[in-house]
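Here my numbering runs 56 ahead of the position in the first sequence, where the first position is 1.
Written out below as structure tokens is the structure these notes cover.
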Amino acid sequence: MPELPEVETIRIGLQTLLPGSPVLSVDFDWPKSFPNAEADARQFLVGSRVVAVSRRAKVLIIGLDSGYSLVIHLKMTGQLVYVPGAAKNPSKERFGAGHPSDSLVGSLPDKSTRVTITFQDKAVLYFNDQRKFGWVRLLPSVEVPHIDFMKRFGPEPLEDTFTQKAFTTQLTRRARSRIKAALLDQTIIAGIGNIYADESLWAAKIHPETRVKDISPARLKVLRTAIIDVLSLSIAKGGSTNKNYVNAEGKKGSYMDFAHVYNRTGQPCDRCGNPIQKIRSAGRGTHICLTCQREPS
DNA sequence: CACTTGACCTGTCCGC
DNA sequence: TGCGGACAGGTCAAGT
């Protein structure tokens, strides 16, 4: 699920919710969800406090005062949901009666719960992941930026380093690729996934199958602005809940109400009124307006 | 190189 | 109602 706006929304939530109480215990039901828990969890997780929550691309980093960090990738269906007081009443409450109507999660833990972190103040952080693709790892904080996949990420699209020059330079590394594939390549630009690739390309009026080298500098300028606008708006709306994304409080995001093409197959294009089409590009379902987004030349 | 396919998993939806 | 297949926000590795 989560692309940059969803992960960032979770980060913002956890940043205010987590720091404070020390970790009391940690449990997990699916070893692949927490590969090195046995080795390190007791000594470097239990008893430590969260000091900060950060994000790089689609990866969340929960820094602990033990000098270790929880590094988390939610992949397709991961959720991180914080429930204050959950440990007091293991059998009821949580998201039971009275929970907001924009909540998507029921009583926790449920059958998708993979990792449970309980804090001394009775709050519980649940890592749920229906498809079991996501993972949590505990690593020394100083090593986190030097992990292979962290080093390879391209620029963060919402930081000052994402200049037009940086964008163009990065794209030349995939000059012969199709633009959609390039946008999904995390080493070119960090954090864009299937939803925001489609939305950005619609906004910039570029057909996803266009070769990067065939896109004019002027059009690439429009694209960079579109990426920034689309991601920023989505963060402002709390991300996209297409299926099961929720924020740190278990609530849905509303960006899908503002999407122009994603998941809108057959509906009229907001610019020209012609029906949105669905094709396959870069191996992914891809939504386009064939009238607005010109065929690759 | 760049693209496709298959893996990793579970769940849902659609057509028959 | 049941069954099979396609498909789903992400990323790897391997094959073409």
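Glycine included, every Cβ here is placed at the ideal spot set by N, Cα and C.
Please read all numbers here as calculations on a predicted model, not as lab measurements.
Requested in this report: Give the DSSP-derived three-state secondary structure of arginine 230 in the structure shown.
Outcome: Residue mapping note: residue 230 aligns to position 174 of the first sequence, counting from 1. Note: arginine 230 maps to coil in three-state DSSP.
Report task. Could you give the DSSP three-state label for serine 157: helix, strand or coil? Result -> Counting from one through the first sequence, the residue named residue 157 turns up at place 101. Caution is warranted here: a pLDDT of 45 is assigned to serine 157, below 50, making its placement in the model unreliable, and the coordinate value is therefore given only provisionally. Three-state DSSP puts serine 157 in coil, outside helix and strand.
Query - Supposed contact pair isoleucine 66 and asparagine 303 - C-beta distance, whole angstroms, cut 8 angstroms - result: Position 247 of the first sequence, counted from the first residue, corresponds to residue 303. Position 10 of the first sequence, counted from the first residue, corresponds to residue 66. Rounded, the Cβ-Cβ distance is 6 angstroms, consistent with contact.
Query raised in the report: With respect to the alpha helix (DSSP H) encompassing threonine 283, which residues constitute its N-terminal and C-terminal limits?
Result: Within the first sequence, residue 283 is the residue found at index 227, counting from 1. One detail in the question is off: residue 283 reads as isoleucine in this sequence, not threonine. Taken as a continuous stretch (DSSP letters only), the alpha helix (DSSP H) holding isoleucine 283 covers 273-292.
Query raised in the report: Does the separation of the CB atoms of threonine 133 and aspartate 83 fall below 8 angstroms?
Result: Looking up residue 133 in the first sequence gives position 77. Looking up residue 83 in the first sequence gives position 27. Against a cut-off of 8 angstroms, the Cβ pair of aspartate 83 and threonine 133 comes out as no contact.
Query raised in the report: In chain order, which continuous runs of the beta strand (DSSP E) of length 3 or greater are located wholly inside the segment 99-128?
Result: 106-112, 115-120
Report task. Specify the secondary structure class of lysine 148 as computed by DSSP and reduced to three states. Result -> The residue you call residue 148 lines up with position 92 of the first sequence. Reliability of the predicted coordinates at lysine 148 is poor, the pLDDT of 41 falling under 50, and no value is obtained from them.
Report task. Could you round the C-beta distance between histidine 245 and proline 201 to whole angstroms and report it? I think they count as a contact, below 8 angstroms. Result -> Taking the first residue of the first sequence as position 1, residue 245 is located at position 189. Taking the first residue of the first sequence as position 1, residue 201 is located at position 145. Strictly speaking, residue 245 in this sequence is isoleucine, with histidine absent from that position. About 18 angstroms separates the two Cβ atoms, so there is no contact after all.
Query raised in the report: By how many angstroms is the C-alpha of lysine 269 removed from the C-alpha of asparagine 250?
Result: On the first sequence, residue 250 is found 194 positions in, with the first residue counted as 1. On the first sequence, residue 269 is found 213 positions in, with the first residue counted as 1. Going by the C-alpha atoms only, they are around 21 angstroms apart.
Query raised in the report: Can the beta-carbon of serine 272 be found less than 8 angstroms from the beta-carbon of phenylalanine 175?
Result: Here residue 272 refers to the residue found at position 216 when the first sequence is read from its first residue. Here residue 175 refers to the residue found at position 119 when the first sequence is read from its first residue. In this structure, phenylalanine 175 does not lie closer than 8 angstroms to serine 272 by Cβ.
Query raised in the report: Three or more beta-carbon pairs under 8 angstroms between the segment 229-245 and the segment 292-311, yes or no?
Result: no
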